[in-house]
Amino acid sequence: MMRYLILAIALAFSLPGFAAKKDKLYLYTESFPPYNMSTTGRVFEHKADGISGLCTDMLKAVLEVAKVPYSMKLRNWDYSYGKALKKKNHGVFCTTYTEKRAPLFKWVGPLAENEWTVFAPPGSTLKLNKLEDAKGLVIGGYKGDVMTEYLLERGYTVSELDSDDLNPKRLALGQIDLWIADRLAGPYFAAQQDIEDLVPVYSFNKTELFLALNPQTDDALVQKLKQAYDTIRKNGMYESIRAKYGL
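Heads up: the sequence shown begins at 486 in this note's numbering, then just goes up one per residue.
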């Protein structure tokens with residue numbers, strides 16, 4: 486009887502369904518348009534079809550090439566990040582790579598880049614050769630934001646709000662001279678406030694965004710994803726997705 490039991494267990498482990506479950510990835514992200522966002526406008530999404538965006542499309546392309554089974558959910562950042570920290574085969578995207586975070590995960594990417602950018606109003610001819618050229622100008626920001634804190638610490642004049650909602654409109658109306666935001670997310674956010682054609686006059690502090698996987702995730706699985714990432718860089722898919730988002 487014991488011999489048959491051992492044989493049954495061995496057979497189960499060899500079945501395709503078990504192997505797929507063993508290699509399945511559980512992926513989480515947050516709402517941060519246009520990098521990651523709901524296709525339906527909901528706060529949370531439970532399936533990959535309900536999630537889109539620059540990072541999401543990049544990762545889906547990698548997963549398709551790698552032929553790795555996965556689930557994908559849109560949650561808040563703390564929940565998503567915590568899942569990737571604690572559970573094998575769980576990951577969070579797109580995550581900024583930092584030296585502090587480096588040993589906490591296994592990394593695939595970069596899937597996208599994030600640049601802090603100073604925007605001028607539509608039609609502006611302002612030129613900034615360096616960030617210091619903005620000294621003496623009033624820059625819109627919002628309280629507690631890392632970009633706002635960066636400027637304040639260096640002596641820039643920042644007009645702060647409790648939220649970023651009104652800054653694109655203030656910029657268009659001439660109530661502030663400049664606005665600091667993410668290079669890609671800024672114009673997207675402004676368009677939602679019916680403000681188009683902002684002029685990016687200076688970008689700096691570029692960071693790279695990755696898929697961060699729990700460190701217990703098998704190296705062979707991570708390597709498969711990295712090889713698939715290299716494939717989409719070589720076959721033009723990477724640049725095609727970037728072009729879709731105006732990059």
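Glycine is no exception: its CB is placed at the ideal position from the N, C-alpha and C atoms. Fair warning: this is a prediction, and the values are worked out from it, not measured in the lab.
If you draw a straight line from the Cα of H575 to the Cα of D534, it is about 19 Å long. Around the beta carbon of D715, fewer than 16 other beta carbons lie within 10 angstroms, which makes this residue exposed. Note on the region 586–643: whole beta strand (DSSP E) runs with a minimum of 3 residues are 591–605, 623–627, in chain order. Remark: C-beta atoms of A657 and P606 approach each other more closely than 8 Å. Put simply, the backbone Cα of V577 is about 36 Å away from that of L613. With contacts defined as CB atoms closer than 8 Å, A697 and T580 qualify as a contacting pair. Burial check for Y564: the Cβ neighbour count within 10 Å stays below 16, so the residue is exposed. A direct Cα-Cα distance of roughly 16 Å separates P685 from K654.
Under DSSP, the beta-bridge partners assigned to T514 are L559.
For V547, the enclosing alpha helix (DSSP H) begins and ends at 539–551. Three or more beta-carbon pairs drawn from the region 534–552 and the region 588–601 are found closer than 8 Å, and the two stretches are therefore classed as touching. Under the DSSP assignment, N652 falls in the alpha helix (DSSP H) whose first and last residues are 652–657.
The C-beta of F695 has 16 or more other C-beta atoms within 10 Å across all chains shown, which makes the residue buried.
The beta carbons of Y730 and L683 sit no closer together than 8 Å. If you draw a straight line from the Cα of L646 to the Cα of E693, it comes to about 27 Å.
Shown here for L637: same chain residues with a beta carbon closer than 6 Å to its own, the five before and five after excluded, namely V643 in chain order. The C-alpha of R527 is placed about 25 Å away from the C-alpha of L570. The beta carbons of K509 and Y566 sit no closer together than 8 Å.
Judged by their CB atoms, K558 and Y513 are nearer to each other than the 8 Å cut-off.
As DSSP reads the structure, P700 sits in no beta bridge.
Check the Cα spacing between V553 and each of P519, K507, G629: the tightest is with K507.
Distances from the alpha-carbon of I661 to those of V631, R639, I624 put I624 closest. The Cβ neighbour count for L539, taken over all protein chains shown within 10 Å, is at least 16; the residue is labelled buried. As DSSP reads the structure, S688 sits in a beta bridge with T602.
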